[in-house]
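Asks:
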Amino acid sequence: MSFPRESWYVAATLDELGDGLVARRILDVPVVLYRLADGSVAALEDRCVHRPYPLSAGHRDGDRVVCGYHGCTYDPDGTCVLVPSQDNPPLGARVRAFPVHLSGPFVWVWMGTPGGSRLRPPPATPELEPRSGWSSTGGRRDVAAGFMLLHEHYLDLTNVFEMHAAMVPPGIEALPPLEEVEISEVSVSYVRELPPAPLAPWEAAASGLDTDEAFGRRETGAFVTPGLHRQTYTILDAEGPTFELVRLHGFTPLTRRSTRVFLQLAWRGSAVAPDADLRLGETFHAMSDRDTTVIETMQRCLDEDEAPRRYVNVKADRAAVRARRIVQSMIEEERGL
Ligand code: FES
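For the sequence shown, the working numbering begins at 7 and goes up steadily by one.
#1: Does the beta-carbon of C307 have 16 or more other beta-carbons within 10 angstroms, so that it is buried, or is it exposed?
#2: Name the residue from R274, R263, V267 whose alpha carbon lies nearest to the alpha carbon of S213.
#3: Which one of W208, W140, G287, V187 has the shortest CA to CA distance from R198?
#4: Quick check on this structure: which residue in W114, P111, F112, P105 has the alpha carbon closest to the alpha carbon of P120?
#5: Quick one: residues in its chain with C-beta nearer than 8 Å to the C-beta of G144, no 5 flanking neighbours on either side, listed in chain order?
#6: Figure out for me which residue from A49, V300, R224, M154 has the closest Cα to the Cα of V174.
#7: Tell me whether Y80 counts as near the ligand FES, meaning its Cβ is closer than 7 Å to at least one heavy atom of that ligand.
#8: DSSP three-state label for R341, please.
#9: Among L27, D243, F221, whose alpha-carbon lies nearest the alpha-carbon of L42?
#10: Using the Cβ count rule (16 or more neighbours within 10 Å means buried), how would you classify E256?
#11: Starting from I178, follow the alpha helix (DSSP H) in both directions and report where the run begins and ends.
#12: So, helix, strand or coil for R124, using DSSP?
#13: Quick one: using the 10 Å Cβ neighbour count with 16 as the cut-off for buried, is E179 buried or exposed?
#14: Could you have a look at P303 and say whether DSSP puts it in helix, strand or coil?
#15: Would the beta-carbon of R57 be found less than 7 Å away from any heavy atom of the ligand FES?
#16: With a cut-off of 8 Å, does the C-beta of W14 fall near any C-beta of chain B?
#17: Specify the secondary structure class of D67 as computed by DSSP and reduced to three states.
#18: Using a Cβ-Cβ cutoff of less than 8 Å, which residues in the same chain neighbour T164 once the five nearest sequence positions on both sides are dropped?
#19: What are the boundary residues of the alpha helix (DSSP H) that S213 is part of?
#20: Taking C-beta to C-beta, are Y59 and I32 nearer than 8 Å?
#21: Taking the CB atoms as reference points, tell me whether R236 and L254 lie closer together than 8 Å.
#22: Quick check on this structure: which residue in H76, F290, R324 has the alpha carbon closest to the alpha carbon of V166?
#23: Give me, in chain order, the residues of the same chain whose beta-carbon lies closer than 8 Å to that of R331; leave out the 5 immediate sequence neighbours on both sides.
#24: Quick check: what's the CA-CA separation for I189 versus V72?
#25: On a CA-only basis, which of L215, D295, S264 is nearest M169? Give me that one, please.
#26: Can you tell me where the alpha helix (DSSP H) with E133 in it begins and where it stops?
#27: Within the present structure, is the beta-carbon of G84 separated from the nearest heavy atom of the ligand FES by less than 7 Å?
#28: With DSSP as the reference, identify every bridge partner of H107, one or two as the case may be.
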């Protein structure tokens, strides 16, 4: 499966952008990112107009980028403003500049139709904003698999018993079925409630809650856009939420078979452990390691299948199947089918 272009994707996290030029491949397009003097970020196609040479191999001159081959120089809007070997640059010489939106740690980029970004704002991530009252930590990794395999994986949590048994609260033997799957034209989400159970070790370590008590859990998952997956995990006592965890995955296709994953965790609660960032970071990065192994294996199996196979869907796949349909129809619409 290919990927929709008319959508926002996470290009980087702000902490990745220092003083230099950062080269990325996003939706199979080479992109160079850099920070401007006013704190905003420029994203240009990473190819000089003169020869097939990446701008990211050049250097900066203030807010401009200078090609490292013959010195053609570009403004942040992509206009070529200087060709050292002649008085004026050729008329209309420019590289494509992509709209960028900064939100919390995420640097969002729009790779679709120029002007289309104004019609669709990037998805909101309020838990990651400064002064939101949430704490957060994050990381990133490249996964050798198409981005839909990741969305589908995270829309079916029934894999936890096989893959992440230590994450399951003690005494929970099965997940209740996905009763509440909410489907719109562009998104899919589900809600699931678990019966009261004691805390799993990772929950106790992060939440700081009493290990002698039993708590309920509510989990939700959402395919928000092709570029963002959102999961929440809430531990409930008799009064309501007492520990809340949000797991945001920015899924950015690099190519059809590779995806950069930007994982951000955000949490708040009544008795949060002082080292919750370390505990949650360790727990969920180890979980992502196991997820990555399975997802990359599925991509290899798909690549090995000589002819496309039909795989059987079960009830737990309901949300994942719907998300795939949404993405398929976005791609077809973009192709004018
Ligand atoms: S290739 Fe960039 S200036 Fe010649």
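Built from N, CA and C at the ideal position, the CB exists for glycine as well. It should be emphasised that the depicted structure is a prediction, and the values quoted were computed from it without experimental measurement.
Replies: Inspection of the coordinates gives the following:
#1: In the sequence shown, counting from the first residue as 1, residue 307 sits at position 301. C307 is exposed by the Cβ-count criterion.
#2: Sequence index remark: in the sequence shown, residue 213 carries index 207 (1-based). For S213, the nearest C-alpha among the options comes from R274.
#3: Counting from one through the sequence shown, the residue named residue 198 turns up at place 192. When each option's Cα is compared against that of R198, the closest is V187.
#4: In the sequence shown, the residue the question calls residue 120 occupies position 114. Cα-wise, what sits closest to P120 is P105.
#5: The residue you call residue 144 lines up with position 138 of the sequence shown. Cβ within range, chain order: T19, P111, F268, L269, Q270, L271.
#6: Indexing the sequence shown from 1 puts residue 174 at position 168. Minimum Cα distance to V174 is reached at R224.
#7: Mapped onto the sequence shown, residue 80 falls at position 74. Checking the Cβ of Y80 against the ligand FES gives no.
#8: As a position in the sequence shown, residue 341 is number 335, starting the count at 1. In the structure shown, R341 sits in a helix (DSSP, three-state: H, G or I).
#9: The sequence position of residue 42 within the sequence shown is 36, counting from 1. L42 has its Cα closest to that of L27, out of L27, D243, F221.
#10: Position 250 of the sequence shown, counted from the start, is the residue given in the question as residue 256. The residue you asked about is not Glu; residue 256 is Gly in the sequence shown. Answer is buried; the Cβ neighbour count reaches 16.
#11: Sequence index remark: in the sequence shown, residue 178 carries index 172 (1-based). Here I178 belongs to no alpha helix (DSSP H), and DSSP marks it neither H nor E.
#12: As a first step, residue 124 must be located in the sequence shown, where it is residue number 118. If DSSP states are grouped into helix, strand and coil, R124 belongs with the helices.
#13: Taking the sequence shown and counting its residues from 1, the one referred to as residue 179 is at position 173. By the neighbour-count rule (16 or more Cβ atoms within 10 Å), E179 is not buried but exposed.
#14: Your numbering for residue 303 matches position 297 in the sequence shown. This sequence places Thr at residue 303; Pro is not what is there. The answer is helix: DSSP assigns T303 an H, G or I state.
#15: For the purposes of this step, residue 57 is taken as the residue at position 51 of the sequence shown. Yes, since a heavy atom of the ligand FES falls inside the 7 Å radius drawn around the Cβ of R57.
#16: As a matter of chain content, chain B is missing from the structure shown, which is built from one protein chain.
#17: Within the sequence shown, residue 67 is the residue found at index 61, counting from 1. Strand, per DSSP.
#18: Residue 164 sits at position 158 when you count from the first residue of the sequence shown. Here the set comprises L181, A322.
#19: Position 207 of the sequence shown, counted from the first residue, corresponds to residue 213. Element bounds for S213: 207-213.
#20: Numbered from its first residue, the sequence shown carries residue 59 at position 53. Numbered from its first residue, the sequence shown carries residue 32 at position 26. Against a cut-off of 8 Å, the Cβ pair of I32 and Y59 comes out as no contact.
#21: The residue given as residue 236 occupies position 230 in the sequence shown. The residue given as residue 254 occupies position 248 in the sequence shown. The answer is yes: Cβ separation under 8 Å.
#22: Locating residue 166 in the sequence shown gives position 160, counting from the first residue. Out of H76, F290, R324, F290 has the C-alpha closest to the C-alpha of V166.
#23: Here residue 331 refers to the residue found at position 325 of the sequence shown. Hits under 8 Å: none found.
#24: Your numbering for residue 189 matches position 183 in the sequence shown. Your numbering for residue 72 matches position 66 in the sequence shown. When rounded, the distance between both Cα atoms is 48 Å.
#25: Taking the sequence shown and counting its residues from 1, one reaches residue 169 at position 163. Selected option, being the one with the closest Cα: D295.
#26: In the sequence shown, the residue the question calls residue 133 occupies position 127. Premise fails: E133 is in no alpha helix (DSSP H) and is neither H nor E.
#27: Locating residue 84 in the sequence shown gives position 78, where the first residue counts as 1. Not so, every heavy atom of the ligand FES lies at least 7 Å from the Cβ.
#28: Looking up residue 107 in the sequence shown gives position 101. Note: H107 sits in a beta bridge opposite W114.
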